[in-house]
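Taking it in order: structure first as C-alpha cells, then the write-up.
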Amino acid sequence: MRNNEDRFNPVSAPQQAPATGLQYVVPTEVVELPSKGLFYPEGHPLHEKGFIEIKHMTTKEEDILTSTSLIEKGIVLDYLLKSIIIDKEIDPKSLLPGDQNAIYLSARLNAYGSDYSFNFTCDACGKLNKVDYNLENVENKKLPEDSLIQNGLISLILEKSNFTVKLKQLSAKDAELMEKQNKKNKSMGVARGTTTSLLLSIIYSINDEINDGSLKFINVIESLPSKDVRQIKKTYLDTKPDVDFAVELKCSSCGNSKEGNVPITARFFWPDT
C-alpha cells in the first residue's frame, strides 16, 4: 500500500479552549495539485501555488452528495468543491479538471478510506464485471521535464508551418463552455468539427497574435497542416495535469482486457452502493 504523506498532508487545527457542550474541530488537509499551479494566470489564487487546503467531509457534505436536485442538475460535485475548499476566493470552476480530481481523491480517502468498487461492461461478451480498486495506488501524473511553460502557457514551434504557438490548459469552466458551444453549433447547423473546436479553445496565440475568435483566426486554424494539428494535440495531452486513474479492466468471463480509468462521479463518494 502506498504512503500518501507526500501528497496529502494533514493540517492541525488551532487548539481553542473548549466551550460548554459538545464541540468538534473539523480537520483540514493540504492537497498537492498535479498542475503545481503552473497553468493558472496571474491574479488567480493558485497562480504558481502547488497545493490547496480543503476540509474533511462532514454531515454537510453528505447532504450535498445525496441531494436529488443537485444530482439531477449535474452540479453535485461543483457544490462539494465549494463546500470543502477553504479559500472561498477560489472558484471551483476555475480549477483545471486534473486538480479537481486530486481534491476528489483526497476527500474520498479521508472520508471513506482507500477501498473503491465500480462496475464495467465487457465490450467483447457483454458481462457486467466488478472491480475492487485501492485508491492508495493513485498518483499525480508527472509533467514532462522539457515542457516550456511560462505564464501559464505552453510554447511550441510547429514542425511543418513553423508557427510559434502558445497553448493554454482548459479549466473546468472552459471545457464546459466548449461543450455548450459545440451543442449550439450543431443545433444551428454550423459545420465545425470537434478538432477545430478543441484547437480554438486551447490555442492562446499564433506568432504572438492573440486568439480573438475572429473569422481570420478560425481560417488559420482550419488551414493548419495535419502534422501540426497532431503535434498540438499531443503536446496538449502530454502537458495536461491530472491524477493517474488508469486501470486495466479485465473481464472475468472471457478474459478480454482493455485500458480504462477509475470513474469519478457522485458514486465515487458512495462506497456502499
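For the sequence shown, my numbering assigns the number 33 to the initial residue and increments by one for each residue that follows.
Every residue, glycine too, gets a C-beta built ideally from N, C-alpha and C.
**Cut-off 7 Å between Cβ atoms - residues of its own chain near PHE253, not counting five sequence neighbours on either side** = Residue numbering aside, residue 253 sits at position 221 when the sequence shown is read from its first letter. The identity of residue 253 in the sequence shown is Ile, whereas the question assumes Phe. Only THR228, LEU231, LEU232, ILE235 meet the Cβ criterion.
**Request:** Let me know if PRO124 comes out buried or exposed under the rule of 16 or more other beta-carbons within 10 Å of its beta-carbon.
**Result:** Translated into positions along the sequence shown, residue 124 becomes position 92. Counting the other Cβ atoms within 10 Å of the Cβ of PRO124 gives 16 or more, which makes it buried.
**Request:** Would you please state the rounded distance, in angstroms, between the beta carbons of TYR148 and TYR165? I believe it to be under 8 Å.
**Result:** In the sequence shown, counting from the first residue as 1, residue 148 sits at position 116. In the sequence shown, counting from the first residue as 1, residue 165 sits at position 133. Sure, about 5 Å apart at Cβ, within 8 Å.
**Prompt:** Along the chain, where does the alpha helix (DSSP H) that runs through ASP337 open and close?
**Reply:** This structure cannot settle anything about residue 337, because the visible part of the chain is limited to 33 through 305.
**Prompt:** Would you call GLY130 buried or exposed, if buried means 16 or more other Cβ atoms sit within 10 Å of its Cβ?
**Reply:** In the sequence shown, residue 130 corresponds to position 98, counting from 1. By the neighbour-count criterion, in which a residue is buried when 16 or more other Cβ atoms sit within 10 angstroms of its Cβ, GLY130 is buried.
**Message:** Short of 7 Å in beta carbon distance, which residues of its chain neighbour LEU256, apart from the five on each side in sequence? Order them along the chain.
**Reply:** If you number the sequence shown from 1, residue 256 lands on position 224. These residues qualify, in order along the chain: SER193.
**Prompt:** Three or more beta-carbon pairs under 8 Å between the region 261-271 and the region 172-191, yes or no?
**Reply:** A contact exists between the region 261-271 and the region 172-191.
**Request:** Let me know if CYS157 comes out buried or exposed under the rule of 16 or more other beta-carbons within 10 Å of its beta-carbon.
**Result:** One-based indexing of the sequence shown puts residue 157 at position 125. Exposed is the call here.
**Request:** Hey, could you find the ends of the beta strand (DSSP E) TYR111 is sitting in?
**Result:** Translated into the one-based positions of the sequence shown, residue 111 becomes position 79. Note, TYR111: premise wrong, no beta strand (DSSP E); alpha helix (DSSP H) at 108-116.
**Message:** How far does the alpha helix (DSSP H) with ASN251 in it extend, from its first residue to its last?
**Reply:** Your numbering for residue 251 matches position 219 in the sequence shown. For ASN251, the uninterrupted alpha helix (DSSP H) run begins and ends at 247-254, by DSSP.
**7 Å Cβ shell around ILE238 - same chain, five flanking residues per side excluded** = Counting from one through the sequence shown, the residue named residue 238 turns up at place 206. These residues qualify, in order along the chain: PHE195, VAL197, VAL252.
**Message:** Using only CA atoms, which one of PHE249, ILE84, ASP276, GLU291 lies nearest to THR153?
**Reply:** In the sequence shown, the residue the question calls residue 153 occupies position 121. Nearest of PHE249, ILE84, ASP276, GLU291 to THR153, Cα basis: GLU291.
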